[in-house]
Structures are given as structure tokens and as C-alpha cells.
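Protein sequences appear in the order of chains A and B.
Each residue of the first sequence is one higher than the one before, counting from 1 in the UniProt record's numbering.
Each residue of the second sequence is one higher than the one before, counting from 1 in the UniProt record's numbering.
Glycine included, each C-beta is placed from N, C-alpha and C at the ideal position.
There are 2 protein chains.
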Amino acid sequence: MTELEKCMENLIMIFHRYAKEDGNGKTLNKKELKKLIENELPTFLKSQKNPKTVDCIMKDLDSNRDDQLDFEEFLPLVAGLSLACEKCYVLHELKGKK
Amino acid sequence: MTELEKCMENLIMIFHRYAKEDGNGKTLNKKELKKLIENELPTFLKSQKNPKTVDCIMKDLDSNRDDQLDFEEFLPLVAGLSLACEKCYVLHELKGKK
Numbered sequence: 001m002t003e004l005e006k007c008m009e010n011l012i013m014i015f016h017r018y019a020k021e022d023g024n025g026k027t028l029n030k031k032e033l034k035k036l037i038e039n040e041l042p043t044f045l046k047s048q049k050n051p052k053t054v055d056c057i058m059k060d061l062d063s064n065r066d067d068q069l070d071f072e073e074f075l076p077l078v079a080g081l082s083l084a085c086e087k088c089y090v091l092h093e094l095k096g097k098k
Numbered sequence: 001m002t003e004l005e006k007c008m009e010n011l012i013m014i015f016h017r018y019a020k021e022d023g024n025g026k027t028l029n030k031k032e033l034k035k036l037i038e039n040e041l042p043t044f045l046k047s048q049k050n051p052k053t054v055d056c057i058m059k060d061l062d063s064n065r066d067d068q069l070d071f072e073e074f075l076p077l078v079a080g081l082s083l084a085c086e087k088c089y090v091l092h093e094l095k096g097k098k
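Below, the structure written as C-alpha cells:
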């Protein structure tokens, strides 16, 4: 398996590890999303001043308003954070070259 | 670093490994995209019957039509493939439970 394939497999496995914790095994409820963010994105969570961060994220991602996130609804969180990290990476690289 | 953080870091590093090959170091041109797909997504590429797969993907992803993909334009490829893989994974899991 290539590095990028492994990366995509990991995304799927991480999502489902939390999704299967309770209730509907294919989606994340707010409690499961909270646990995923606390365990998998602790640095991001600490950087957020709003104590309602998880509620806001849930509301933002839950496009069909069923209080559950399927994998498709979850992906924009990973995409958004990756993009933010990538912008930092590019800035850092530019600085390094000066 | 958590597994999800590592995953996002890998995405960024894979993109930039190919982006820096020639020309603008921050974006993928068609040649670099082709190399990335050939090396990182060989199974997907083999499954595509259309010999113009890479051209089609480039056209689909290049939203600002500058013949270059930045990381933001590249992300939907990873998201789309991950989503397709996840659908297969869920079907497979359901079958396993029967």
C-alpha cells in the first residue's frame, strides 16, 4: 500500500473507531465527535478559546441536521485543518529560505 | 503526534514532495499530478479505463483554471477517493455481519 493509500485508510479507520462506540455504528454523534477531537486533535482543541468548540463544529459539519456526522460530513473538518496546517507549512518554508 | 495529526501531516508532505519537483514549488502542474497519481494511487489509476484520466482529474480539480493545483484544489481528490473507499468499507462490514 502506498503512503497516500495508507493515509486514506487511516482516516476511515479513525472515523469508524469512534463512530462505532455507541448508537449508529456508521456515524458520529456529538459525544463521539467530542471524544475524537479530544483524543485525535488535542492541540487544535487547546488553541480554541470557545468552550463550545465541539458544539460549533458539530453544527457546522452536520449539513443534513440529523445530529449525526457520516464520513462525508466529517471530511471537511480534516480538509479544513489540513489546509490551515499547509498554509503554516508554506509560510514556514518561505521563512526558512530567507 | 496523534494518528489523525500524522495523517494530515502526511497529506501535506506527499503533496509538497511532488509539488517541488519542477516550476512553482507550491503547486502541482499536470506532469507532477501525473507522477503523484502513478506513484501514490496506482490501484485507482489501473481501475480507470479512460487513458485521459489524469487530464480529466486535472481539469476537474483546477477550479481557477491556472493549470496548477494548489493544496486546496488537490484536497477534493483525496476526499473523493476516501469517501469512495469508505462506502466500500461500510458495505464490506455489513456483509461480514450477515
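Can you round the beta-carbon distance between residue 107(A) and Leu75(B) to whole angstroms, since I take them to be within the 8 Å contact cut? In the structure as shown, chain A begins at 1 and stops at 98. Residue 107(A) is therefore absent and cannot be evaluated.
Neighbour list for Glu73(B) in chain A, Cβ cutoff strictly below 9 Å: Ordered by position in chain A, no residue passes the 9 Å Cβ test against Glu73(B), which lies about 11 Å from the chain.
For Ser47(A), decide whether its Cβ has a neighbour in chain B, counting only Cβ atoms nearer than 8 Å. Interface with chain B (8 Å Cβ-Cβ cutoff): Ser47(A) is excluded.
I'd like to know if the segment 58-68 of chain B and the segment 27-36 of chain B are in contact, where contact means that at least 3 CB-CB pairs between them fall below 8 Å. Flag = yes, the segment 58-68 of chain B and the segment 27-36 of chain B touch.
Does Ser82(A) have its Cβ less than 8 Å from a Cβ in chain B? Yes, because at least one Cβ of chain B sits closer than 8 Å to the Cβ of Ser82(A).
State the DSSP-derived secondary structure class of Leu91(A), mapped to helix, strand or coil. Of the three classes helix, strand and coil, the one that applies to Leu91(A) here is helix, per DSSP.
For Leu41(A), which of helix, strand or coil comes out of DSSP? Taken through DSSP and simplified to helix, strand or coil, Leu41(A) comes out as coil.
For Leu41(B), go through chain A and note every residue whose CB falls closer than 8 Å to its CB, in chain order. Neighbours of Leu41(B) on chain A, chain order: Thr2, Leu4, Glu5.
Counting only runs that start and end within the UniProt domain "EF-hand" (49-84) of chain A, where is the alpha helix (DSSP H) found for 4 or more residues in a row? Runs of the alpha helix (DSSP H) inside the UniProt domain "EF-hand" (49-84) of chain A: 53-61.
When the cut-off is 8 Å and only beta carbons count, does Val78(A) lie next to chain B? So, interface residue.
Decide if the segment 3-18 of chain A is in contact with the segment 2-18 of chain B; the criterion is three or more beta carbon pairs, one per stretch, under 8 Å apart. Contact between the segment 3-18 of chain A and the segment 2-18 of chain B is present, because at least three Cβ pairs lie under 8 Å.
Give me the DSSP bridge partner(s) of Leu4(B). Its beta-bridge partners do not exist; DSSP assigns none.
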